[in-house]
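To start, the structure under review is shown below, and the notes come after it.
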Amino acid sequence: MRTRTTTSTRASAWWRDAAVYQVYPRSFRDADGDGVGDIAGLLSGLRHIADLGVDAIWISPWYSSPMVDHGYDVAGHREVDPLFGTLGEAEALIDKAHELGLRVLLDIVPNHTSDQHPWFKAALTAPPGSPARQRYHFCRGRGADGESPPNNWRSKFGHSHWTRVIEPDGTPGEWYLHLFAPSQPDLNWDNADVREDFDSILRFWFDRGVDGFRIDSAHGLVKQSGLPDLSLPDQGVRNHPYWHQEKVHDVYRSWRQIADSYSQPRALVAEVWADEPSLLTDYVRPGELHTVFSFDFLSAPWRADVLRRVIDDSIAELASVDASPAWTLSNHDVVRHVSRYGRLQLDRPVAFSTDLPDGPLDLELGERRARAAILLMLALPGSAFLYQGEELGLWEVEDIPEHLLQDPSRQQSGDSVRGRDGCRVPLPWFGERPSFGFSPDGSVPSWLPQPEMWREHTVEAQNRDPDSMLHLYRSALRLRRSDAALGEGAFTWDVTPPQILSFRREPGFRCVVNLSVESVPLRPDDEVLLSSCPLIDGQLRPDTSVWLHRSR
Ligand code: NOJ
Numbered sequence: 019m020r021t022r023t024t025t026s027t028r029a030s031a032w033w034r035d036a037a038v039y040q041v042y043p044r045s046f047r048d049a050d051g052d053g054v055g056d057i058a059g060l061l062s063g064l065r066h067i068a069d070l071g072v073d074a075i076w077i078s079p080w081y082s083s084p085m086v087d088h089g090y091d092v093a094g095h096r097e098v099d100p101l102f103g104t105l106g107e108a109e110a111l112i113d114k115a116h117e118l119g120l121r122v123l124l125d126i127v128p129n130h131t132s133d134q135h136p137w138f139k140a141a142l143t144a145p146p147g148s149p150a151r152q153r154y155h156f157c158r159g160r161g162a163d164g165e166s167p168p169n170n171w172r173s174k175f176g177h178s179h180w181t182r183v184i185e186p187d188g189t190p191g192e193w194y195l196h197l198f199a200p201s202q203p204d205l206n207w208d209n210a211d212v213r214e215d216f217d218s219i220l221r222f223w224f225d226r227g228v229d230g231f232r233i234d235s236a237h238g239l240v241k242q243s244g245l246p247d248l249s250l251p252d253q254g255v256r257n258h259p260y261w262h263q264e265k266v267h268d269v270y271r272s273w274r275q276i277a278d279s280y281s282q283p284r285a286l287v288a289e290v291w292a293d294e295p296s297l298l299t300d301y302v303r304p305g306e307l308h309t310v311f312s313f314d315f316l317s318a319p320w321r322a323d324v325l326r327r328v329i330d331d332s333i334a335e336l337a338s339v340d341a342s343p344a345w346t347l348s349n350h351d352v353v354r355h356v357s358r359y360g361r362l363q364l365d366r367p368v369a370f371s372t373d374l375p376d377g378p379l380d381l382e383l384g385e386r387r388a389r390a391a392i393l394l395m396l397a398l399p400g401s402a403f404l405y406q407g408e409e410l411g412l413w414e415v416e417d418i419p420e421h422l423l424q425d426p427s428r429q430q431s432g433d434s435v436r437g438r439d440g441c442r443v444p445l446p447w448f449g450e451r452p453s454f455g456f457s458p459d460g461s462v463p464s465w466l467p468q469p470e471m472w473r474e475h476t477v478e479a480q481n482r483d484p485d486s487m488l489h490l491y492r493s494a495l496r497l498r499r500s501d502a503a504l505g506e507g508a509f510t511w512d513v514t515p516p517q518i519l520s521f522r523r524e525p526g527f528r529c530v531v532n533l534s535v536e537s538v539p540l541r542p543d544d545e546v547l548l549s550s551c552p553l554i555d556g557q558l559r560p561d562t563s564v565w566l567h568r569s570r
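In case it helps, my numbering puts the sequence shown at residues 19 to 570.
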């Protein structure tokens, strides 16, 4: 077996080609029987993650929080929420992950806090113009009595991004800004307290051995001074008053210095949504963040021309600043990709759970394409982020009873969208009936119900079946780790018919993906390393990928 050789500088830049597994703690595993996942549960399932063959885990927020947005509303950045465990358990988890060879990324949420954060509570009891209010965006409203919001910023559901407060004397007063739910007030990044506190939060967790952070909504922190109106309700992201402001890059230059001050390299991964790939590169220029998700890949329909274009654009844009892409197919905000690919997608990019694709679901088709897609993604140059449960072939749960839906984006939409609960259903581990080992016997029901059909998708069932998604993930990740071509090796497209994607990685590796409706022959001299579905007479069937050792 050929093994990866990396130069010493590249070897320390582990984030450039790492495979990272995202843990959404409330749905990974529940050890204390309250129906919600916790750190002790994660500890007991860590071996499953290590055995997959990934290099790192990214843990969605475990900090103290009222959980309106399941932890993306942080009330205490240096505390672990009792729902998940204790700081001591978090520290033990970090150590155990390291023992198993897994680096640990946490999530940092700098755009906003919870409205239960001590700073926001203090701001509500402090007078207008006070230092406590200046940590957020408090403004007087428009109109004679300040009765209208300070500007025209609105959510995609049409609600104002402003909420008016009742002042301590009982009268309606100032308004505060929230790009997300009203319970997630935006911080003011022009304020020195805010900057200093986040510097110290980074150090707090780095000092506990954390290897990096995924930065939530990284493009939103800094707002244009004066908070001007949007000129058009759907204004593009260039020159936008709250996305991609130039001054946000000062924040990341300073965070990079903090990361670099540690002898073991720490990594900063940006969650940035941009409709122009060139905007992404600004975040990963030398001296800024280490990598940024290439969400265009996730949003692309299952079409060769679109996939090829987004792959080319991401690689080229990021290479222009010597950064590498971070690919992903699913996360806790989007429809699981088995369910996206299991539908006719035509031209429409699909992603958000608030935007479930139309048409009937063909699960078998979705699973076949998901198998092909993971071989495509893991063969690309760059890092790869996997979302818990995709290794079991889980799909979006679309029939959760209405009264159990919890995602705040649903309430904000006036119930016009289902929200993101369907991709957050607890993992099935073993057994024949829900909770499938998610919680111990005799526990309360899991916080979201699992489909009965997941009995065939438990870790135990998938372990037994050599053709399962789980075995495909393990084989692919093992090969990716051991094959010299699948790190930073060169990437070149082969010339193929339009519905076939075929590319070479050096030395000696080829990946072919058949997105057409007919089987295609492979070059007879190439040696098959792994295929997403069995080949028939040396032919690659529709919606199938293969990894090959190239003869030439
Ligand atoms: C992006 C996170 O991924 C999402 O889950 C969250 O609701 C928003 N940011 C707000 O923090």
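All C-beta atoms, glycine included, are put in the ideal place defined by N, C-alpha and C.
Considering only their Cβ atoms, is the gap separating residue j from residue i smaller than 8 Å?
i	j	result
W75	I67	It should be pointed out that residue 75 corresponds to Ile in this sequence rather than to Trp. Cβ atoms of I75 and I67: closer than 8 Å.
A285	G227	no
A292	H258	no
S486	Q468	no
H567	F527	yes
G55	F46	yes
S348	W413	no
G440	E416	yes
L466	V443	yes
S520	V535	no
S550	L393	yes
W137	T131	yes
G71	L495	yes
Which class does residue i belong to by DSSP, given the choice of helix, strand or coil?
i	result
Y90	coil
S30	helix
I418	coil
A277	helix
A391	helix
W447	coil
S82	strand
D439	helix
T189	coil
L558	strand
Is any non-hydrogen atom of the ligand NOJ found closer than 7 Å to the C-beta of residue i, if you look at the structure I gave you?
i	result
V127	yes
E414	no
F198	yes
S45	no
H95	no
Y90	yes
D588	Limits of the chain in this structure are 19 at one end and 570 at the other, which puts residue 588 out of reach.
S431	no
E524	no
D234	yes
E289	yes
Closest to residue i by CA distance: which of the options is it?
i	options	result
D91	Q202, H421, L64 and D50	Q202
Y39	I126, T346 and E416	T346
W273	V287, Y260, W261 and H262	V287
F403	Q430, S281 and F311	F311
L101	H95, P84 and I112	P84
V435	Q424, W137, P542 and P444	Q424
A236	A508, V127 and V98	V127
G51	L547, D234 and F456	F456
I418	E470, D225, D459 and P378	E470
T189	L120, P146 and R221	P146
Q282	V122, P167 and A199	V122
A210	L197, I233, D268 and P246	D268
S493	L548, S563 and D225	L548
Is the shortest distance between the beta-carbon of residue i and the beta-carbons of chain D less than 8 Å?
i	result
H421	Among the protein chains of the structure shown there is no chain D, as only one such chain exists.
Between the alpha carbons of residue i and residue j, how many angstroms are there, rounded?
i	j	result
R213	L64	34 Å
R327	S317	12 Å
L490	L124	27 Å
R20	D69	Its pLDDT being 36, under 50, R20 is placed unreliably by the model, and the measurement read from it follows with that caveat. Each residue's Cα considered, the two are about 21 Å apart.
D73	R499	9 Å
A334	G161	49 Å
E264	G191	31 Å
T299	V41	26 Å
V266	D204	14 Å
D483	E545	24 Å
Q406	R354	10 Å
D87	A93	12 Å
G400	L120	18 Å
L336	L297	10 Å
Please confirm whether any heavy atom of the ligand MG lies closer than 7 Å to the CB of residue i.
i	result
D351	As for the ligand MG, it is missing from this structure, which binds only the ligand NOJ.
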